[in-house]
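Participant: The letter at position 175 of the sequence shown is residue 175 when you use full-length UniProt numbering, and the numbering goes up by one with no holes. Cβ coordinates follow ideal geometry from the N, Cα and C atoms, glycine included.
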Amino acid sequence: MEKSPDLEHPIKAYGYAARDTSGTLSPLTFSRRTTRDKDVRFRVLYCGICHTDIHFVKDELGMSSYPFIPGHEIVGVVTEVGREVEKIKIGDKVGVGFLVGSCNLCEMCANENEQYCAKLVMTSGSPNFDGTYTYGGYSDHMVCEEHFVLRWPDNLPLDSGAPLLCAGITSYAPLKKFGLDKPGMKVGVVGLGGVGHVAVKMAKAFGLEVTVFSTSPAKKQEALEVLKADNFINSRDEEQMQVVMDTLDGVIDTVSVNHAITPLLNVLKPNGKLIVVGLPEKSFEVSAAPLVSGGKIVAGSMIGGLKDTQEMLDFAAKHGVTADIEIIPIDYVNTAMDRILKSDVRYRFVIDVANSLSASLSS
Ligand SMILES: [Zn+2]
Ligand SMILES: [Zn+2]
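#1: Excluding five sequence neighbours on each side, which residues of the same chain lie with their C-beta closer than 7 angstroms to the C-beta of Val-257?
#2: Give the DSSP-derived three-state secondary structure of Leu-279 in the structure shown.
#3: How would you label Gly-194, buried or exposed, when you count the other beta carbons within 10 angstroms and need 16 or more for buried?
#4: What three-state label does DSSP hand Cys-109 in the structure shown?
#5: According to DSSP, simplified to helix, strand and coil, what is Ser-293?
#6: DSSP three-state call for His-9: helix, strand or coil?
#7: Does the structure place the region 113 to 127 close enough to the region 95 to 103 that three or more beta carbon pairs sit under 8 angstroms?
#8: Is the separation between the beta-carbon of Arg-33 and that of His-141 shorter than 8 angstroms?
#9: If I measure Cβ to Cβ from Val-77 and keep anything under 8 angstroms in the same chain, skipping five residues before and after, which residues do I get?
#10: Assuming residue 442 and Glu-8 make a contact with CB atoms under 8 angstroms, what is their CB distance in whole Å?
#11: Could you check the C-alpha separation between Ser-214 and Lys-87 for me, to the nearest Å?
#12: When every heavy atom of ligand 1 is checked, does at least one fall within less than 7 angstroms of the C-beta of His-72?
#13: Between Lys-220 and ligand 2, is the CB less than 7 angstroms from at least one heavy atom?
#14: Is there contact here, the region 308 to 325 with the region 149 to 169, by at least three beta-carbon pairs under 8 angstroms?
#15: At 3 residues or longer, what runs of the beta strand (DSSP E) sit wholly inside the region 233 to 280?
#16: Looking only at C-alpha atoms, which of Leu-274, Lys-269, Ala-18 sits nearest to Phe-284?
#17: Using alpha carbons as the reference points, say which of Thr-170, Phe-56, Gly-125, Thr-24 lies closest to Gly-305.
#18: Quick one: complete beta strand (DSSP E) runs, 3+ long, within the region 318 to 363?
#19: Count the other CB atoms, across all protein chains shown, that sit within 10 Å of the CB of Lys-296; report buried if there are 16 or more and exposed otherwise.
#20: Where does the unbroken beta strand (DSSP E) through Leu-45 begin, and where does it stop?
#21: Which partner residues does Lys-93 have in the DSSP bridge list?
#22: Thinking C-beta only, is Thr-29 closer than 8 angstroms to Lys-12?
#23: Is the distance from the Cβ of Tyr-332 to the Cβ of Tyr-138 below 8 angstroms?
#24: From the DSSP output, which residues share a beta bridge with Tyr-116?
#25: Using only the heavy atoms of ligand 2, determine whether one of them is closer than 7 angstroms to the beta carbon of residue 376.
#26: Given this structure, state the Cα-to-Cα distance separating Met-1 from Leu-268, to the nearest angstrom.
#27: What residue does the alpha helix (DSSP H) around Leu-158 start on, and which one ends it?
#28: Measuring only the C-alpha atoms, how far is Leu-341 from Asn-355?
#29: Since Leu-265 and Gly-188 are thought to touch, with beta carbons under 8 angstroms apart, how far apart are those beta carbons, to the nearest angstrom?
#30: Can you tell me where the beta strand (DSSP E) holding Met-142 begins and where it ends?
#31: Quick one: any contact between the region 310 to 317 and the region 286 to 293, if contact means 3 or more CB pairs under 8 angstroms?
#32: Within the continuous alpha helix (DSSP H) that includes residue 365, where are the two ends?
And the structure:
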């Protein structure tokens, strides 16, 4: 007979959960599974707040289950490993990103593109293979299979490195996959939020010439002086857009609000590639002319597989790429989410889980 989820998951855990679509998180006691043979168990130290967390908290994608514990930019220290774990030992620093399971049988899994597996298990609010739902990193500890656990490079900061597990791989993977990683290439980054600001740093680390496109001219100084972009274009200014017509090898579009993409196709050279990584609600309108006459490509990309994510962390450590963050205690999470919706953060909130969760529960 199958065991009930409670018997399968007897280890007490604490976290911050949404109970309904109101979007408010509060403390929750729940349970996690015992450490299986291939499992790694770790204490959560830091967890980034990604905009996607808010979509799920409020069930804006129509696929949430409650209670919902967000968090897929998780960094921690290993406390227990199963008998068959090979590469990770107790005391190691590790990370977990957007996925904690996949079928391991399909073509996508075989090609290390686990993120596109039809049976993908997301780190938060996803049905797991044992019938229970997954809970994310706004919690005291995590347990998942070794295959989905990233080794944390020694010289990569734990706090400002955490957002790389989503924002970092979201920009690194398409730059590599679409061949936009050769020094001297000219690449545009559209939108300067959580993903966009890391995309600029990744592109610079590859040795690319980076042009930032933003609708907020106020971000120009920051883009050029702090993030070290080479050019800044106010995408609402037709004259400025005209100057960069037909000049770029690729564009990474990180914007998740509705916007037109034809102007972005126009700034590409012939054979240029527009890679969409944001998720606007409305469909894009694309006219055939710039695609056909310029041999241009519109493509999409979602995070990355585990091999690419490990490679990205090692690359970030080598080149000093981290996110710009504001560290917060976990009981600030509701305020932080409100501020994200107002674009009032530079550029990522990271929860100091280890130092604030237990204090928050006992107060
Ligand atoms: Zn994310
Ligand atoms: Zn699969």
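Facilitator: Reading it off the structure:
#1: Cβ neighbours of Val-257 beyond the five flanking positions: Pro-280.
#2: Residue state, collapsed to three classes: coil.
#3: A residue is called buried when at least 16 other Cβ atoms come within 10 angstroms of its Cβ; Gly-194 meets this threshold and is buried.
#4: Helix at Cys-109.
#5: Here DSSP, grouped into helix, strand and coil, assigns Ser-293 to helix.
#6: Here His-9 sits in coil by DSSP.
#7: Using a C-beta cut-off of 8 angstroms, the region 95 to 103 makes contact with the region 113 to 127, since at least three inter-stretch Cβ pairs fall below that distance.
#8: At a Cβ-Cβ threshold of 8 angstroms, Arg-33 and His-141 do not count as neighbours.
#9: Excluding positions up to five away in sequence, the list reads Phe-42, Arg-43, Leu-45, Gly-91, Asp-92, Lys-93, Val-94.
#10: Residue 442 lies beyond the residue range present for the chain, which begins at 1 and ends at 363; the question has no answer from this structure.
#11: One C-alpha to the other measures close to 42 angstroms.
#12: For His-72, the Cβ falls inside the 7 angstroms cut-off from some heavy atom of ligand 1.
#13: In terms of side-chain proximity, the C-beta atom of Lys-220 is found no nearer than 7 angstroms to any non-hydrogen atom of ligand 2.
#14: With a cut-off of 8 angstroms on Cβ pairs, the region 308 to 325 is in contact with the region 149 to 169, counting three or more such pairs.
#15: Within the region 233 to 280, the complete beta strand (DSSP E) runs of at least 3 residues are 248 to 253, 268 to 276.
#16: Ranking the options by Cα distance to Phe-284, first place goes to Leu-274.
#17: Relative to the Cα of Gly-305, the nearest Cα in the group Thr-170, Phe-56, Gly-125, Thr-24 belongs to Thr-170.
#18: DSSP runs (the beta strand (DSSP E)) wholly in the region 318 to 363: 325 to 328, 348 to 352.
#19: Result: buried.
#20: It spans 39 to 49 - the beta strand (DSSP E) in which Leu-45 sits, taken as one unbroken run.
#21: DSSP lists Val-77 as partners of Lys-93.
#22: In contact: Lys-12 and Thr-29 (Cβ atoms closer than 8 angstroms).
#23: No.
#24: None, per the DSSP bridge assignment.
#25: There is simply no residue 376 to check, as the chain begins at 1 and stops at 363 in what is shown.
#26: Note that Met-1 scores a pLDDT of 47, beneath 50, so its modelled location is shaky and nothing firm can be said.
#27: Run containing Leu-158: 158 to 161, per the alpha helix (DSSP H) assignment.
#28: Using only the alpha carbons, I get a separation of about 26 angstroms.
#29: No, Leu-265 and Gly-188 are not in contact; Cβ-Cβ is about 11 angstroms, not under 8 angstroms.
#30: Looking at the DSSP string, the run of the beta strand (DSSP E) that includes Met-142 is 141 to 145.
#31: No, the region 310 to 317 is not in contact with the region 286 to 293.
#32: Outside the shown range of the chain, which is 1 to 363, sits residue 365, and nothing can be said about it.
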